[in-house]
Amino acid sequence: MKKIFTALSLFVVLQKTSAQIGIGTLTPDASAQLDISSKTKGLLIPRMTETERNNIPSKAIGLLVYQTSGTQGFYFWDGTTWKQLGGAGGWGLNGNNAGNSDFIGTINGVDLQFKVNNSPAGQISYSITSPLLLGYESGLGNSGSYVTAIGYQAGLGNTGSAVTAIGHQAASSNNPQSYLTAIGFNALQNSKGYGNTAVGGLALKDNTFGGYNTAIGGWALRYNNMGNNNTAIGESAISSNTSGSRNTAIGSNALFRTTAGDNTAIGSDALYWNTSGSNNTAIGSDAGPSSSNSGLNNTTAIGKGARVDASNQVRIGNTSVTSIGGYAAWSNLSDIRYKKNIQPQTHGLDFILALQPITYNTDVKKLNRLLYGNKADSINSDAINVKSIAAKEGVLYSGFSAQQVEEAAKKVGYNFSGVHKPENDKSHYTLEYATFVVPLVKAVQEQQSIIDNQNKRIEQLEKQLAEVLQKLK
């Protein structure tokens, strides 16, 4: 009777339906040959030592056991070797300390894809022309070759080739230009230009059609739009330029405001105030024109704070400089082949005699207020400048007043080129002392002619006197 009851119970529990077997269920899943259901107990797989496992004869592929010795765990037979489930036989979530036979990836030419929130977050490609992408939506929509994009939306929508984008939205929306390098937050974000390099946050961010530009530093060439062949090295260097080309700036804020071309600035804030001027060169911190002379052309300023106030002007040093020199005389062009409208010098003694030589001290602080505007007070009170300003103001100079020289030349009708008048109220008079040599030479010649005539006259008078004395004897 007991055997009959057991058989009936087993028949109820083990119900076969359409070739499926259920244990603990009357409705085994149609996709499973065996469906075990329980909420209080589990499935116990055969347990054995490693030796016992290895001694199993005629192992079928997929055979599963639990190993109790050595490295414990579930093992299955893959037809060749025993593989541990979730063990050191694969790549562990906490890393591996085994050999280098394990890896994450593919064993064919299919790209390895990564996703976050079901959106592209990375791609490692087999082909040398396929992109290397890492970061949320990096390279999304990319159709270019030889592309490397690392960072959030780096290279997003890129269609150009040979593009390297590293940083948040670096070189995103690039279309369709190639040979670009963008490293930094929003660097080269909207570029349609060719052959640009941007390193730094927002470097070349707004560039559209400009090509062959190099920007290194945060905000370097930030607003460049159509300018070509610019080189900006330093934070905010050439930042405001939109269409100017062939500018070179090295230093923080160098050529910061320029929108023109062919300028060279080396030094922090060099040519900072230049806006529309071209062909300017400034070497030294804060060298170049002031804010009131922002459109000068063809100027050269060399030295800390060296100021130019007119186009076609060269300035070396600042107001604190007490000596400028070298080991040879300055040479000027003086080739007759390149001179025209040649006339003899007509003014000499008349001009020289009208001059009023003076001695004086330079009011450096007042001059700084003219040249540097709002910066003058900080310059005049700077610990380094205080001593040099005092030394400069203590020098007793010999020279002329440019205004008096101008008046003397006007008085005798002489168009003297040695006086340079200011072009605006932010400029000052200057004198070319070397130019005085010419009227001085003419004056000596005129004076010598007078002396020669006087000597002849004296000789004649002496001869006449001798004749008179002879007659009186």
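Take the position in the sequence shown, starting the count at 1, then add 4; the result is the number in the numbering used here.
The beta-carbon is built from N, C-alpha and C at its ideal position, and this holds for glycine as well.
Span separating the alpha-carbon of G188 from that of D33: Their backbone Cα atoms lie some 55 Å apart in a straight line.
Extent of the continuous alpha helix (DSSP H) to which I454 belongs: For I454, the enclosing alpha helix (DSSP H) has its first and last residue at 441–476.
Pairwise C-alpha distance: T304 and Q317: Cα-Cα distance, rounded: 6 Å.
Close-in-space but distant-in-sequence residues of the same chain around A125 (CB under 7 Å, 5 per side omitted): Hits under 7 Å: F118, K119, G139, Y140.
Proximity below 8 Å, CB of A207 to CB of L225: Going by C-beta atoms, A207 is nearer than 8 Å to L225.
Pairwise C-alpha distance: I128 and T110: Spanning the two alpha carbons is a distance of roughly 10 Å.
Buried versus exposed, by CB contacts within 10 Å (16 or more), W223: Result: buried.
Reduced DSSP secondary structure (H/G/I, E/B, other) of G377: Annotated three-state conformation of G377 is helix, per DSSP.
Run of the beta strand (DSSP E) containing F78, from where it starts to where it stops: Bounds of the beta strand (DSSP E) holding F78 are 77–81.
Cβ-Cβ separation, Q173 to L1 (assumed contact under 8 Å), whole Å: Coverage of the chain is limited to positions 5 through 477, which leaves residue 1 absent and any answer about it impossible.
Expected contact under 8 Å - CB spacing of N232 and G214 to nearest Å: N232 to G214, Cβ: 5 Å. Contact.
Within 8 Å, strictly: CB atoms of I388 and V368: No, the pair does not count as a contact, with Cβ atoms beyond the cut-off.
Cβ separation of S282 and G271, assumed to be a contact under 8 Å, to the nearest whole Å: Not a contact, Cβ separation roughly 19 Å.
C-beta contact flag for K196 and N217 at 8 Å: In this structure, N217 does not lie closer than 8 Å to K196 by Cβ.
Other residues of its chain near A236: CB distance less than 6 Å, five sequence neighbours each side excluded: Taking A236 as the centre and dropping the five residues before and after it, the same chain places the C-beta of A219, A224, L225, I242, A253 closer than 6 Å to its C-beta, in chain order.
Residues near T133 by beta carbon distance below 7 Å, same chain, minus five either side: If we look at T133 and ignore the five residues flanking it on each side, its Cβ neighbours are S149, Y150.
Contained beta strand (DSSP E) runs [length at least 3] in the region 348–397, N- to C-terminal order: Correct list: 362–364.
Inter-residue Cα distance where the pair is V16 and I25: Here V16 scores only 45 on pLDDT, less than 50, and its place in the model should not be relied on; the value that follows carries that caveat. One C-alpha to the other measures close to 11 Å.
Three-state secondary structure (DSSP) of V325: Three-state result, V325: coil.
Integer-rounded CB distance, given that A169 should sit under 8 Å from A158: Beta-carbon to beta-carbon, A158 and A169 are separated by about 4 Å, close enough to satisfy the 8 Å threshold.
Residue closest to D82, alpha-carbon to alpha-carbon, out of L116, A36, S62: The shortest C-alpha to C-alpha distance from D82 to any of L116, A36, S62 is the one to S62.
Whole-Å CB distance - A447 paired with G352, under 8 Å assumed: At roughly 4 Å, the Cβ-Cβ gap stays under 8 Å, so A447 and G352 are in contact.
Contact between the region 433–442 and the region 399–414 (3+ Cβ pairs under 8 Å): When Cβ pairs closer than 8 Å are counted between the two stretches, the region 433–442 is seen to touch the region 399–414, the count reaching three or more.
The region 371–387 / the region 335–355 touching (three or more Cβ pairs under 8 Å): Touching, no.
N-terminal and C-terminal residue of the alpha helix (DSSP H) that V409 is part of: Note, V409: alpha helix (DSSP H), 406–415.
First and last residue of the uninterrupted alpha helix (DSSP H) at R57: Residues 54–58.
Cross-strand partners of Y70 (DSSP beta bridge): As a beta-bridge residue in DSSP terms, Y70 pairs with R51, F78.
Cα-Cα separation, R57 to Y156: Rounded to whole angstroms, R57 and Y156 show a C-alpha spacing of 50 Å.
Bridge partners - G159, DSSP secondary structure assignment: Beta-bridge pairing links G159 to no other residue.
Buried versus exposed call for A310 [16 or more other C-beta atoms within 10 Å across all chains shown]: Per the 10 Å Cβ criterion, buried.
Limits of the beta strand (DSSP E) - the one that D429 falls within: Segment: none, D429 is in no beta strand (DSSP E) and carries neither H nor E.
Own chain residues within Cβ distance below 6 Å of S296, not counting five before or after: Beyond the five residues adjoining it in sequence on each side, S296 comes within less than 6 Å, by CB distance, of K430 in the same chain, given in chain order.
Other residues of its chain near D354: CB distance less than 7 Å, five sequence neighbours each side excluded: Beyond the five residues adjoining it in sequence on each side, D354 comes within less than 7 Å, by CB distance, of V416 in the same chain, given in chain order.
Residue from W277, N211, G255, L275 whose Cα sits closest to the Cα of S247: The shortest C-alpha to C-alpha distance from S247 to any of W277, N211, G255, L275 is the one to N211.
Assumed close pair A291, G307 - CB separation to whole angstroms, cut-off 8 Å: Between G307 and A291 the Cβ distance is about 6 Å, and since that is below 8 Å, they are a contact.
Residues of its chain near V441, where Cβ-Cβ distance is below 7 Å and the 5 sequence neighbours each way are ignored: A distance below 7 Å between beta-carbons, with the five flanking residues on each side excluded, links V441 to no residue of its chain.
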